[in-house]
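See structure below.
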Amino acid sequence: MSNQDYYVPHGTYWPIIGSIGISTLFVGFANLLHDVSWGGPVMGLGGTIVVFMLFGWLGTVVNESVGGIYNKQVDRSFRWGMSWFIFSEVMFFAAFFGALFYARVLSVPWLGGAGNNLFTPELWEGFKAAWPLVSTPGAIGQNGTEFSVGFELVDAWGLPALNTALLLSSGVTITYAHHALRNGHRNALIAWMVATIALGVLFLGFQITEYGHAYHEGLRLTSGVYGSTFYLLTGFHGFHVTVGAIMLTVILYRIQKGHFSSENHFAFEGVAWYWHFVDVVWLGLFIFVYWL
Amino acid sequence: MNTAAHDDHHGPEKGLLRWIKATNHKDIGTLYLWFAFAMLIVGGALAMGIRAELLHPGLQLMNPHFFNQLTTMHGLIMVFGAIMPAMVGLANWLIPTMVGAPDMALPRLNNWSFWVLPFAALILVSTFFMEGGAPAFGWTFYAPLSTAFAPDSTDFFIFAVHLLGFSSIMGAINIIATVLNMRAPEMRLMDMPLFVWTWLITSFLLIGAMPVLAGVVTMMLTDRNFGTAFFDATGGGDPVMFQHIFWFFGHPEVYIMILPAFGIISHILPTFSRKPLFGYSSMVYATASIAFLSYIVWAHHMYATGMPVAAELYFMYATMLIAVPTGVKVFNWVATMWKGSLTFEAPMLWALSFLFLFTIGGFSGLMLGIAPADIQYHDTYFVVAHFHYVLVTGSLWAIIAATLYWLPKWVGKMYNEKLAKIHFWWAMISVNVLFFPQHFLGLAGMPRRIPDYALQFSDFNWISSIGAFAFGLSFILFAYIVVDCIRNGSPTNSERPWYSAKGLEWTLSSPIPYHSFNTPPSRAQILEESQHS
Amino acid sequence: MDIIIIVILVVILFSLGSALIGMLRGGAKGSDKMFKSLRTRISLSVFLFVFLMFASFMGWIEPNNVLPTQ
Numbered sequence: 328m329s330n331q332d333y334y335v336p337h338g339t340y341w342p343i344i345g346s347i348g349i350s351t352l353f354v355g356f357a358n359l360l361h362d363v364s365w366g367g368p369v370m371g372l373g374g375t376i377v378v379f380m381l382f383g384w385l386g387t388v389v390n391e392s393v394g395g396i397y398n399k400q401v402d403r404s405f406r407w408g409m410s411w412f413i414f415s416e417v418m419f420f421a422a423f424f425g426a427l428f429y430a431r432v433l434s435v436p437w438l439g440g441a442g443n444n445l446f447t448p449e450l451w452e453g454f455k456a457a458w459p460l461v462s463t464p465g466a467i468g469q470n471g472t473e474f475s476v477g478f479e480l481v482d483a484w485g486l487p488a489l490n491t492a493l494l495l496s497s498g499v500t501i502t503y504a505h506h507a508l509r510n511g512h513r514n515a516l517i518a519w520m521v522a523t524i525a526l527g528v529l530f531l532g533f534q535i536t537e538y539g540h541a542y543h544e545g546l547r548l549t550s551g552v553y554g555s556t557f558y559l560l561t562g563f564h565g566f567h568v569t570v571g572a573i574m575l576t577v578i579l580y581r582i583q584k585g586h587f588s589s590e591n592h593f594a595f596e597g598v599a600w601y602w603h604f605v606d607v608v609w610l611g612l613f614i615f616v617y618w619l
Numbered sequence: 193m194n195t196a197a198h199d200d201h202h203g204p205e206k207g208l209l210r211w212i213k214a215t216n217h218k219d220i221g222t223l224y225l226w227f228a229f230a231m232l233i234v235g236g237a238l239a240m241g242i243r244a245e246l247l248h249p250g251l252q253l254m255n256p257h258f259f260n261q262l263t264t265m266h267g268l269i270m271v272f273g274a275i276m277p278a279m280v281g282l283a284n285w286l287i288p289t290m291v292g293a294p295d296m297a298l299p300r301l302n303n304w305s306f307w308v309l310p311f312a313a314l315i316l317v318s319t320f321f322m323e324g325g326a327p328a329f330g331w332t333f334y335a336p337l338s339t340a341f342a343p344d345s346t347d348f349f350i351f352a353v354h355l356l357g358f359s360s361i362m363g364a365i366n367i368i369a370t371v372l373n374m375r376a377p378e379m380r381l382m383d384m385p386l387f388v389w390t391w392l393i394t395s396f397l398l399i400g401a402m403p404v405l406a407g408v409v410t411m412m413l414t415d416r417n418f419g420t421a422f423f424d425a426t427g428g429g430d431p432v433m434f435q436h437i438f439w440f441f442g443h444p445e446v447y448i449m450i451l452p453a454f455g456i457i458s459h460i461l462p463t464f465s466r467k468p469l470f471g472y473s474s475m476v477y478a479t480a481s482i483a484f485l486s487y488i489v490w491a492h493h494m495y496a497t498g499m500p501v502a503a504e505l506y507f508m509y510a511t512m513l514i515a516v517p518t519g520v521k522v523f524n525w526v527a528t529m530w531k532g533s534l535t536f537e538a539p540m541l542w543a544l545s546f547l548f549l550f551t552i553g554g555f556s557g558l559m560l561g562i563a564p565a566d567i568q569y570h571d572t573y574f575v576v577a578h579f580h581y582v583l584v585t586g587s588l589w590a591i592i593a594a595t596l597y598w599l600p601k602w603v604g605k606m607y608n609e610k611l612a613k614i615h616f617w618w619a620m621i622s623v624n625v626l627f628f629p630q631h632f633l634g635l636a637g638m639p640r641r642i643p644d645y646a647l648q649f650s651d652f653n654w655i656s657s658i659g660a661f662a663f664g665l666s667f668i669l670f671a672y673i674v675v676d677c678i679r680n681g682s683p684t685n686s687e688r689p690w691y692s693a694k695g696l697e698w699t700l701s702s703p704i705p706y707h708s709f710n711t712p713p714s715r716a717q718i719l720e721e722s723q724h725s
Numbered sequence: 005m006d007i008i009i010i011v012i013l014v015v016i017l018f019s020l021g022s023a024l025i026g027m028l029r030g031g032a033k034g035s036d037k038m039f040k041s042l043r044t045r046i047s048l049s050v051f052l053f054v055f056l057m058f059a060s061f062m063g064w065i066e067p068n069n070v071l072p073t074q
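Listed in order, the protein sequences are those of chains A, B and C. The first sequence begins at 328 in the numbering used here and counts up by one. The second sequence begins at 193 in the numbering used here and counts up by one. The third sequence begins at 5 in the numbering used here and counts up by one.
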């Protein structure tokens with residue numbers, strides 16, 4: 328601790344570029360939602376700016392890291408930053424899991440007359456409160472949504488189980504990659520990384536297939552609260568798998584370039600943890616959506 | 193050698209680029225504070241509109257829909273645009289100097305946390321000029337008002353909230369990393385001054401609560417545009433579920449706004465009482481308990497929704513518990529002043545009036561926390577009076593006090609004490625004229641968020657509006673005092689403009705150098721300046 | 005049966021959190037802690053999945069895709 332050199336970076340353009348990009352993206356998206364013709368292109372432009380910013384900003388950081396400018400303290404700051412960012416992601420998912428549990432345990436039974444809601448069933452004739460909720464109480468929502476009713480439930484032994492197996496295997500392979508990295512087995516490391524990314528991509532492929540299948544069977548975003556929680560939970564999970572796979576690819580590229588040593592590989596650790604986290608979220612999803 | 197390694201040894205860049213490319217904690221802190229002040233003026237202007245309409249009974253100036261837009265946007269702008277950024281701005285200025293660091297831990301991220309805000313504010317304010325007007329469902333944006341029955345501009349509002357939340361999370365991460373990693377090696381956790389402690393704990397509240405807000409507005413977005421049914425009972429969802437998720441964010445949010453204020457007051461009272469803070473460690477534990485409790489009391493905002501009785505009872509008792517650590521704090525502050533040699537410079541006046549007025553707000557909060565009583569008070573002006581006493585005479589008071597207390601250190605010049613005292617009494621009297629009658633209005637049954645009222649409420653509304661206009665004007669004087677201090681203030685003749693002030697920030701030269709601490713302070717120095725001696 | 009599954013899930017979450025702490029700490033020790041916790045968490049996850057299949061095969065547990073009795 329006695330030899331503590333502080334590091335303070337110089338000014339940077341990347342944040343303001345990021346702000347412009349992300350605002351453009353959102354303004355475009357909001358306009359797209361209201362059928363404004365330029366909404367889509369503007370949203371695309373914003374997305375491009377964000378990607379450009381990410382490459383530029385992270386590229387700068389990687390260059391500085393490889394250039395040996397950083398010290399242990401900067402490394403620790405990154406660790407704190409990444410850890411708490413991931414924790415905020417956990418809380419984001421918690422909101423959706425909370426909605427799932429609330430609907431299942433409280434509000435759907437209440438709609439069926441549980442608790443002190445004696446008269447609720449009188450509002451909707453023939454409505455049966457059960458989970459999964461295959462039929463909605465009303466046919467048309469407050470804002471005019473026509474609910475898609477009577478869907479077939481996705482079979483847990485079909486694609487979902489296969490996908491779980493795939494994602495868990497990718498968890499195993501990244502653990503082997505981690506092991507190889509720590510022991511300096513470079514070729515094994517690269518092989519396990521490739522396997523992890525391949526399994527992740529395969530998972531995404533099957534997930535898209537499953538969406539197609541579920542949609543065909545009538546399970547849609549408009550299928551009431553079951554469809555809402557199902558698609559938003561799996562959708563945000565799929566988005567995180569996509570991001571994780573992209574990050575793993577970048578890490579693979581950096582491994583090829585020889586950026587990591589068996590002692591010093593925080594970027595790998597951060598991404599590996601992220602991948603394990605996404606894996607656990609899926610396990611929770613699989614169990615709570617398909618089983619319990 | 194202990195040195196700060198950096199590329200620019202000669203201070204900041206010139207002109208506008210200094211602010212756009214800023215990575216310096218003081219530059220970013222300044223940006224935050226001026227942004228917050230600008231938003232305070234915008235939000236204040238909207239409040240003037242509200243009070244002008246309520247000056248007399250009957251519809252005077254605007255239609256009810258526009259009135260609802262004003263109340264909604266006033267709340268959103270004040271919470272997300274004024275109070276929170278001002279607190280982060282103070283954290284930027286103060287935390288590195290209080291923990292003996294050269295800068296924040298992640299300076300580039302710090303820049304981004306700020307520069308997201310103006311864009312978010314722009315999107316939010318622009319909704320006024322859209323077809324159908326700005327969001328008009330109250331700052332709590334309850335479903336289905338915000339989903340099925342809201343104007344198109346609501347989607348822009350949703351994205352603005354996403355951006356604001358993103359900014360807060362990044363800011364909180366930065367503060368945690370700074371406090372836990374950039375702290376002087378010789379400084380232990382229980383040596384940290386209370387402003388640092390309260391902000392550290394606030395950061396955990398932000399990281400836990402803001403993502404939930406992002407989640408709930410995302411559900412709103414899909415309910416509005418993609419046919420999901422989270423908050424629609426016809427689809428098996430529940431509008432009350434919105435309130436649960438919203439207040440799981442919303443209750444920690446109110447502590448996010450008040451905890452740093454507690455920290456500020458814990459610095460100012462000892463200085464002007466010339467005594468060390470009473471009960472330093474109990475202050476830390478009280479803050480942590482309040483933060484923990486804030487996560488498990490959210491449904492006390494929802495007694496009127498028809499929750500099961502068991503839930504109402506649980507949330508009522510849990511809410512009562514918060515009075516214990518808050519009481520610890522208030523009594524510690526009083527004990528700090530006990531037998532001290534008190535002087536009443538402007539920051540002390542603000543801190544003292546905080547103590548009185550915040551406690552009033554705290555007590556009306558207790559009244560609202562009692563479920564059977566709340567059924568009566570719910571959605572009346574009593575609630576409005578309550579949260580303005582804790583937010584205006586609580587959070588905002590602490591922000592003004594902190595500005596006057598630390599500004600002489602930041603710029604090395606003294607503000608005009610006489611003007612500051614005039615400003616204090618002006619604001620102090622007018623704010624009570626403004627908000628105190630609202631208690632009576634609420635208890636007599638006047639509902640909130642209504643542009644018109646029954647005749648028996650006219651007198652108190654008239655008094656309240658006159659107070660509001662006077663209070664609004666006082667901020668012109670405040671702006672003048674600050675600008676006058678920065679430009680023409682007389683140089684402070686000591687590193688400690690308040691001779692009795694303690695803390696590492698006062699050991700730096702005045703004004704504070706560009707890189708605050710190039711070498712970390714020693715153990716002896718830290719102990720000398722700590723609050724628990 | 006549900007309790008067992010949830011308990012295992014909680015232990016998995018716990019080891020994931022412990023890995024996060026290891027990553028935070030950094031250095032040789034933290035890195036060790038992180039790797040070991042992650043290994044625990046993946047082993048448990050695989051075990052849970054296999055257990056779920058076995059339990060279903062033995063008829064101890066039924067998936068959600070059984071339509072509610074009308």
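Idealized CB from N, CA, C, for every residue including glycine.
Chain C residues whose Cβ lies nearer than 9 Å to that of residue i
i, result
"residue 610 of chain A", "13, 16, 49, 52 and 53"
Selection from the options that minimises the alpha carbon distance to residue i
i, options, result
"residue 479 of chain B", "B:676, B:306, B:393 and B:563", "B:393"
"residue 600 of chain A", "C:7, C:11, C:13 and C:22", "C:22"
"residue 211 of chain B", "B:341, B:369 and B:300", "B:300"
"residue 489 of chain B", "B:715, B:505 and B:521", "B:505"
"residue 649 of chain B", "B:636, B:321, B:529 and B:643", "B:636"
"residue 376 of chain A", "A:588, A:502, A:340 and A:415", "A:340"
"residue 366 of chain B", "B:435, B:467 and B:295", "B:295"
"residue 215 of chain B", "B:448, B:284, B:694 and B:343", "B:284"
Close-in-space but distant-in-sequence residues of the same chain around residue i (CB under 8 Å, 5 per side omitted)
i, result
"residue 197 of chain B", "With a pLDDT of 46 at residue 197 of chain B, under the threshold of 50, the modelled position of that residue is not reliable, and the figure given next carries that caveat. Contacts found: none."
"residue 677 of chain B", "599, 600, 603, 605, 606, 607 and 608"
Beta-carbon neighbours of residue i, restricted to chain A and to distances below 7 Å
i, result
"residue 8 of chain C", "Per Cβ cutoff of 7 Å: no residues; residue 8 of chain C is ~11 Å from chain A at best."
"residue 205 of chain B", "338"
Chain-ordered neighbours of residue i on chain A, where CB pairs are closer than 9 Å
i, result
"residue 38 of chain C", "505, 596, 599 and 600"
Pair within 8 Å by beta-carbon distance, residue i and residue j
i, j, result
"residue 497 of chain A", "residue 527 of chain A", "yes"
"residue 551 of chain B", "residue 464 of chain A", "no"
"residue 408 of chain A", "residue 298 of chain B", "yes"
"residue 282 of chain B", "residue 357 of chain B", "no"
"residue 718 of chain B", "residue 218 of chain B", "no"
"residue 390 of chain B", "residue 462 of chain B", "no"
"residue 547 of chain A", "residue 554 of chain A", "yes"
"residue 595 of chain A", "residue 604 of chain A", "no"
"residue 402 of chain A", "residue 30 of chain C", "yes"
Delimiting residues of the alpha helix (DSSP H) encompassing residue i
i, result
"residue 270 of chain B", "No alpha helix (DSSP H) contains residue 270 of chain B, which DSSP labels as neither H nor E."
"residue 464 of chain A", "Counting along the chain, residue 464 of chain A falls outside any alpha helix (DSSP H), and DSSP gives it neither H nor E."
"residue 526 of chain B", "501–529"
"residue 568 of chain B", "563–569"
"residue 425 of chain B", "Element bounds for residue 425 of chain B: n/a, residue is neither H nor E."
"residue 457 of chain A", "Neither: residue 457 of chain A is in no alpha helix (DSSP H) and is coded neither H nor E."
Close-in-space but distant-in-sequence residues of the same chain around residue i (CB under 6 Å, 5 per side omitted)
i, result
"residue 486 of chain A", "533 and 537"
"residue 409 of chain B", "350 and 353"
"residue 345 of chain A", "380"
7 Å Cβ shell around residue i - same chain, five flanking residues per side excluded
i, result
"residue 352 of chain A", "370, 373, 374 and 377"
"residue 561 of chain B", "492, 508, 511 and 512"
Under 8 Å by beta carbon: chain A residues contacting residue i
i, result
"residue 372 of chain B", "407"
Contacts that residue i makes with chain C (C-beta to C-beta distance below 8 Å)
i, result
"residue 560 of chain A", "Neighbours of residue 560 of chain A on chain C: none; closest Cβ ~14 Å, over 8 Å."
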